[in-house]
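Residue numbers (the UniProt record's numbering): 1 to 210.
Backbone N, C-alpha and C fix where the C-beta goes; we use that ideal spot for every residue, glycine too.
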């Protein structure tokens with residue numbers, strides 16, 4: 001088997017470890033999920049939106065976190081911890097409990113020199129330098145968001161006063177291996193920002209919507 005050639009589209013056998021079995025007592029979730037890969041950001045949203053913490057915690061393979069529900073907007077909010085494997089485990093478990101649309105908020109490091117602190121980044125596509133995505137879609141597939149959802153987000157941001165950029169990003173498993181040469185290569189490839197989870201979440205959502 002070639003490196004990263006881990007996804008077999010013909011394999012329809014059941015998983016040994018399944019997301020729907022992680023919390024058998026958990027209730028069905030709203031159809032919308034906001035997963036936040038930054039605790040301070042989630043705390044700010046919780047205060048601003050006056051969200052109430054659910055009596056139940058959210059359990060998934062590899063972790064547990066607080067669950068916030070806003071039934072009036074049909075949305076659940078959870079913290080995504082850090083890294084692609086844990087983030088995808090959380091999202092996959094949420095999908096097994098009824099989630100149908102996933103929104104992601106996280107932190108992004110600047111790769112492009114023109115990107116400034118506080119500027120929002122909307123990924124157009126995400127270079128896959130983490131390992132999790134290769135278990136969900138073929139290695140030659142681009143990791144991209146849902147086009148309609150991205151366009152609606154762009155339209156909303158265009159009407160706001162917030163500075164934002166749309167462009168290519170990269171997700172990595174190894175922040176301490178973000179060498180100078182690595183970053184120069186990213187820049188030559190048109191990458192403007194780097195995170196640790198986005199490409200894997202895109203791959204998971206494509207896999208689950210197929």
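DSSP bridge partner residues for residue i (one or two, in chain order)
| i | result |
| --- | --- |
| residue 75 | 32, 70 |
| residue 169 | 126, 193 |
| residue 120 | 164 |
| residue 103 | 34 |
| residue 88 | None, per the DSSP bridge assignment. |
| residue 205 | Beta-bridge pairing links residue 205 to no other residue. |
| residue 64 | 59 |
Nearest to residue i (by Cα), restricted to the options the options
| i | options | result |
| --- | --- | --- |
| residue 163 | 79, 201, 126, 154 | 154 |
| residue 133 | 58, 36, 89 | 89 |
| residue 128 | 120, 118, 83, 148 | 83 |
| residue 177 | 161, 195, 160, 165 | 195 |
| residue 189 | 22, 161, 126, 136 | 126 |
| residue 4 | 141, 42, 179 | 141 |
| residue 146 | 165, 122, 161, 139 | 122 |
Supposed contact pair residue j and residue i - C-beta distance, whole angstroms, cut 8 Å
| i | j | result |
| --- | --- | --- |
| residue 172 | residue 193 | Contact doesn't hold; Cβ gap of about 11 Å is too wide. |
| residue 91 | residue 102 | 6 Å |
| residue 97 | residue 208 | Actually they are not in contact, since the Cβ atoms of residue 97 and residue 208 sit about 13 Å apart, beyond 8 Å. |
| residue 167 | residue 124 | 6 Å |
| residue 67 | residue 56 | 6 Å |
| residue 197 | residue 80 | 7 Å |
| residue 7 | residue 136 | 6 Å |
Simplified DSSP assignment, three categories, for residue i
| i | result |
| --- | --- |
| residue 141 | coil |
| residue 108 | coil |
| residue 59 | strand |
| residue 4 | coil |
| residue 52 | strand |
| residue 16 | coil |
| residue 82 | coil |
| residue 181 | helix |
| residue 115 | coil |
| residue 47 | helix |
| residue 187 | helix |
| residue 158 | helix |
| residue 152 | helix |
| residue 24 | coil |
Same chain only: Cβ atoms within 6 Å of residue i, ignoring 5 sequence neighbours per side
| i | result |
| --- | --- |
| residue 85 | 132 |
| residue 200 | 84, 88, 130, 132, 133 |
Own chain partners of residue i with C-beta closer than 8 Å, once the 5 adjacent residues on each side are dropped
| i | result |
| --- | --- |
| residue 118 | 163 |
| residue 61 | 17, 19, 22, 89, 93 |
| residue 100 | 31, 32 |
Close-in-space but distant-in-sequence residues of the same chain around residue i (CB under 7 Å, 5 per side omitted)
| i | result |
| --- | --- |
| residue 143 | 125, 126, 128, 133, 199, 202, 203 |
| residue 110 | 193 |
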